[in-house]
Amino acid sequence: MRRDSEEYEPRETRSPKDLQRMVLDYLDERFGLEEKLFEKLGLYLASKGRVYLGPKSAIAKPRVVTLGLLIARISGAVKPSTNLLQVFGKKVTKNFIELTKEQTIVFANGSDVNVEQNQLADASEGYVLLRYHEAQLGCGLLKGKSIKNMLPKAKRLEIKYI
Amino acid sequence: MNVSELPSRFTERYCPLVDNEEAFLASLGRLLPKSFRVNTIKSSASEVKERFSGYGIGIKQMPWYEDAFVSDNPDVGSTLEHFAGAIYMQELVSMLPPIIVREELRESRFVLDGCAAPGSKTTQLSALMQNRGTIVANDLDYMRIKALKFNLEKTGALNVVITNQDLRMFPPMQFDLIILDVPCSAEGTIRKSDGLFSSWSENAIRGASSVQKRLIRKGFDLLKPGGTMVYSTCTFAPEENEAVLDHLLADTPAVLEPIAIEGLKLSKPLEEWEGGRFDPQISNAIRIWPHHNDTGGFFIAKVRK
Numbered sequence: 001m002r003r004d005s006e007e008y009e010p011r012e013t014r015s016p017k018d019l020q021r022m023v024l025d026y027l028d029e030r031f032g033l034e035e036k037l038f039e040k041l042g043l044y045l046a047s048k049g050r051v052y053l054g055p056k057s058a059i060a061k062p063r064v065v066t067l068g069l070l071i072a073r074i075s076g077a078v079k080p081s082t083n084l085l086q087v088f089g090k091k092v093t094k095n096f097i098e099l100t101k102e103q104t105i106v107f108a109n110g111s112d113v114n115v116e117q118n119q120l121a122d123a124s125e126g127y128v129l130l131r132y133h134e135a136q137l138g139c140g141l142l143k144g145k146s147i148k149n150m151l152p153k154a155k156r157l158e159i160k161y162i
Numbered sequence: 163m164n165v166s167e168l169p170s171r172f173t174e175r176y177c178p179l180v181d182n183e184e185a186f187l188a189s190l191g192r193l194l195p196k197s198f199r200v201n202t203i204k205s206s207a208s209e210v211k212e213r214f215s216g217y218g219i220g221i222k223q224m225p226w227y228e229d230a231f232v233s234d235n236p237d238v239g240s241t242l243e244h245f246a247g248a249i250y251m252q253e254l255v256s257m258l259p260p261i262i263v264r265e266e267l268r269e270s271r272f273v274l275d276g277c278a279a280p281g282s283k284t285t286q287l288s289a290l291m292q293n294r295g296t297i298v299a300n301d302l303d304y305m306r307i308k309a310l311k312f313n314l315e316k317t318g319a320l321n322v323v324i325t326n327q328d329l330r331m332f333p334p335m336q337f338d339l340i341i342l343d344v345p346c347s348a349e350g351t352i353r354k355s356d357g358l359f360s361s362w363s364e365n366a367i368r369g370a371s372s373v374q375k376r377l378i379r380k381g382f383d384l385l386k387p388g389g390t391m392v393y394s395t396c397t398f399a400p401e402e403n404e405a406v407l408d409h410l411l412a413d414t415p416a417v418l419e420p421i422a423i424e425g426l427k428l429s430k431p432l433e434e435w436e437g438g439r440f441d442p443q444i445s446n447a448i449r450i451w452p453h454h455n456d457t458g459g460f461f462i463a464k465v466r467k
């Protein structure tokens, strides 16, 4: 994998197998995403704790830039990506929050979102899936009644129609 | 684009090739309608139709592809569906290479998108393959790979491996199916890029043609026997279209298969250009002229090994 920069990177002491297991266990425990959902795909570890979910039959040559979709980062704990939760959101059974129309617009804009207690029935503090009806919006970090926005800048959008 | 500013060599070359010169030139002066494709990894055409009808945004479904829509409303890009990756803004003609091999894609496990960035066709292939199998999406230009990555993330394509290599130097492999949408002089995109003719020249066309001839030969080498390769450009120049296929057919046992797209007006390719006659098999390729379907210009051929 290509490194974007020569930044300081703490040495990862856990084995790749342990890290893969950690990601799969986290997705199951936190979101109810069972391991069998991913059994036809490959889980790949790249630099800086990045975890990719991609085709099982990878290729060795020519040099691979990216293999599948960036689904999580491991820096101590697992941080799921918006990519992952948008694709597998329909299968998520816990730790999701149904946003209102107004909250969805705020979230898509890249700002943090304040939620009401009654929206937290299916969520505990930590990373959560955000939904608006059928639309799987992405990942947020819930703390108290506030959701920290995790959307990368390039994916933000001013929604006019919802 | 102000049509009166077209280089005289451009009009001399192409006006004699079209059925209606006036309509052809007039179409080049009009902006392309906004178009998008429904990303079936995340949504469906019926869902999107229902949502847009609720918004009061008029969209028109194309008769030749249920997931293709056009709209004259510029707000299509400001919808929840665009944010969530349920729709992907894509030019209509660029949707053609994947859909002419829909049948073959069902059986294909290992697919190459040879000149993939920014990924319109790659993400469409991924959706048509229902995120299964493996697509190798290659591009020579590392800067453009950034856009490819972004679009794959946005659409949720899981089955893609991105590689950054000059296709001509690709290691030996055998793909079931190859999409080869080659770099070209892009004359057919004149309706969306005004600056096109600042760099237009017949020399540039000849340069592009010689690269394309090497790319198509390499693509053919990378195809497994019985496999299919789609060759396409968004340009009118015969040197980059019929002449490239002629070069392939002269040196290899390649077979060109007929292409049918119901509901889209297709035109025959040229039989000859500047005194030279092309291989008769080339009549199986198709040209799309901008004034026939209100699209960009396009050329497409289906090659069987």
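As they're listed, the protein sequences go chains A and B. First residue of the first sequence? That's 1 in the working numbering, and the numbers climb one at a time after it. First residue of the second sequence? That's 163 in the working numbering, and the numbers climb one at a time after it. Idealized CB from N, CA, C, for every residue including glycine. Remember, it's a predicted structure, so these values are computed and weren't measured experimentally.
Closest Cβ-Cβ distance between residue i and chain A: below 9 angstroms?
{"i": "I307 (chain B)", "result": "yes"}
{"i": "K430 (chain B)", "result": "no"}
{"i": "F312 (chain B)", "result": "yes"}
{"i": "I262 (chain B)", "result": "no"}
{"i": "I249 (chain B)", "result": "no"}
{"i": "E269 (chain B)", "result": "no"}
{"i": "F272 (chain B)", "result": "yes"}
{"i": "E315 (chain B)", "result": "yes"}
{"i": "M391 (chain B)", "result": "no"}
{"i": "I462 (chain B)", "result": "no"}
{"i": "K196 (chain B)", "result": "no"}
Closer than 9 angstroms, CB to CB, is residue i near chain D or not?
{"i": "L242 (chain B)", "result": "Absence of chain D from the displayed structure is noted, the protein chains being A and B."}
So with Cβ pairs under 9 angstroms, would you call residue i a contact of chain B?
{"i": "V23 (chain A)", "result": "no"}
{"i": "L45 (chain A)", "result": "no"}
{"i": "R3 (chain A)", "result": "Only weak support is given to the placement of R3 (chain A): the predicted model assigns it a pLDDT of 44, under 50, and the question is left unresolved by the model."}
{"i": "L70 (chain A)", "result": "yes"}
{"i": "E6 (chain A)", "result": "Residue placement at E6 (chain A) is flagged as unreliable, the pLDDT there being 40, under the threshold of 50; the coordinate-derived value follows with that caveat. Chain B, which has no Cβ nearer than 9 angstroms to the Cβ of E6 (chain A), makes this no."}
{"i": "K36 (chain A)", "result": "no"}
{"i": "E9 (chain A)", "result": "Annotation note: pLDDT 48 at E9 (chain A) (below 50); position unreliable, coordinate value reported separately. Cβ-Cβ to chain B under 9 angstroms: no for E9 (chain A)."}
{"i": "Q136 (chain A)", "result": "yes"}
{"i": "K48 (chain A)", "result": "no"}
{"i": "K155 (chain A)", "result": "yes"}
So which residues of chain B does residue i contact, with C-beta pairs closer than 9 angstroms?
{"i": "G54 (chain A)", "result": "T296, L320, N321, V322, V323"}
{"i": "Y172 (chain A)", "result": "No information on residue 172 (chain A) is available, as it lies outside the stretch 1 to 162 that chain A covers here."}
For residue i, return the contacting residues in chain B, with the cut-off set at a CB-CB distance below 7 angstroms.
{"i": "I59 (chain A)", "result": "V298, V323"}
{"i": "V65 (chain A)", "result": "I307, I324, T325, N326"}
{"i": "L41 (chain A)", "result": "L320"}
Residue i versus chain A: which residues are under 8 angstroms apart at the beta carbon?
{"i": "F469 (chain B)", "result": "In the structure displayed, chain B extends from 163 to 467; residue 469 (chain B) sits before or after that span and is not available."}
{"i": "E184 (chain B)", "result": "None at all; the shortest Cβ gap to chain A is about 38 angstroms."}
Pop quiz: residue i and residue j are said to be a contact at Cβ under 8 angstroms. What is the actual Cβ separation, rounded to whole angstroms?
{"i": "L302 (chain B)", "j": "L267 (chain B)", "result": "In fact, because the Cβ distance is near 24 angstroms, the residues do not count as touching under 8 angstroms."}
{"i": "N83 (chain A)", "j": "G318 (chain B)", "result": "7 angstroms"}
{"i": "H409 (chain B)", "j": "K354 (chain B)", "result": "Actually they do not touch by this definition, with Cβ atoms about 29 angstroms apart."}
{"i": "V113 (chain A)", "j": "V106 (chain A)", "result": "5 angstroms"}
{"i": "F273 (chain B)", "j": "D229 (chain B)", "result": "A quick correction: the sequence has Val, not Phe, at residue 273 (chain B). Incorrect: roughly 19 angstroms between the Cβ atoms, too far for contact."}
{"i": "K283 (chain B)", "j": "S256 (chain B)", "result": "7 angstroms"}
{"i": "A278 (chain B)", "j": "A299 (chain B)", "result": "4 angstroms"}
Could you tell me which chain A residues have their CB closer than 9 angstroms to the CB of residue i, listed as they occur along the chain?
{"i": "I219 (chain B)", "result": "Y161"}
{"i": "D237 (chain B)", "result": "K160, Y161"}
Residues of chain B with CB under 8 angstroms from residue i, in chain order?
{"i": "E158 (chain A)", "result": "S240"}
In chain A, which residues lie with their C-beta within 7 angstroms of the C-beta of residue i?
{"i": "E212 (chain B)", "result": "Under the 7 angstroms cutoff, chain A gives no residues; its nearest Cβ is about 10 angstroms from E212 (chain B)."}
{"i": "E106 (chain B)", "result": "With chain B represented from 163 up to 467, any question about residue 106 (chain B) goes unanswered, as that position is not in the structure."}
Quick one: which unbroken alpha helix (DSSP H) runs of 4-plus residues sit fully inside the stretch 284-352 of chain B? Chain order, please. Within the stretch 284-352 of chain B, the runs of alpha helix (DSSP H) at least 4 residues long that lie entirely inside it are, in chain order, 304-317.
Using a Cβ-Cβ cut-off of less than 7 angstroms, list which residues of the stretch 76-98 of chain A approach chain B; keep chain order. Residues N83, Q86, V87.
For the stretch 373-444 of chain B, list the beta strand (DSSP E) runs that are entirely contained and at least 3 residues long, ordered along the chain. The qualifying runs are 385-395, 417-419.
As an exercise, report each continuous beta strand (DSSP E) stretch of at least 3 residues that is fully enclosed by the stretch 181-221 of chain B, in chain order. Within the stretch 181-221 of chain B, the runs of beta strand (DSSP E) that reach at least 3 residues and sit entirely inside it are, in chain order, 196-200.
Using a beta-carbon distance cut-off of less than 8 angstroms, what residues from the stretch 103-131 of chain A approach chain B? Residues of the stretch 103-131 of chain A with a C-beta atom less than 8 angstroms from some C-beta of chain B are T104, A108, listed in chain order.
Length at least 4, wholly inside the stretch 92-131 of chain A: the alpha helix (DSSP H) runs in chain order: The qualifying runs are 101-108.
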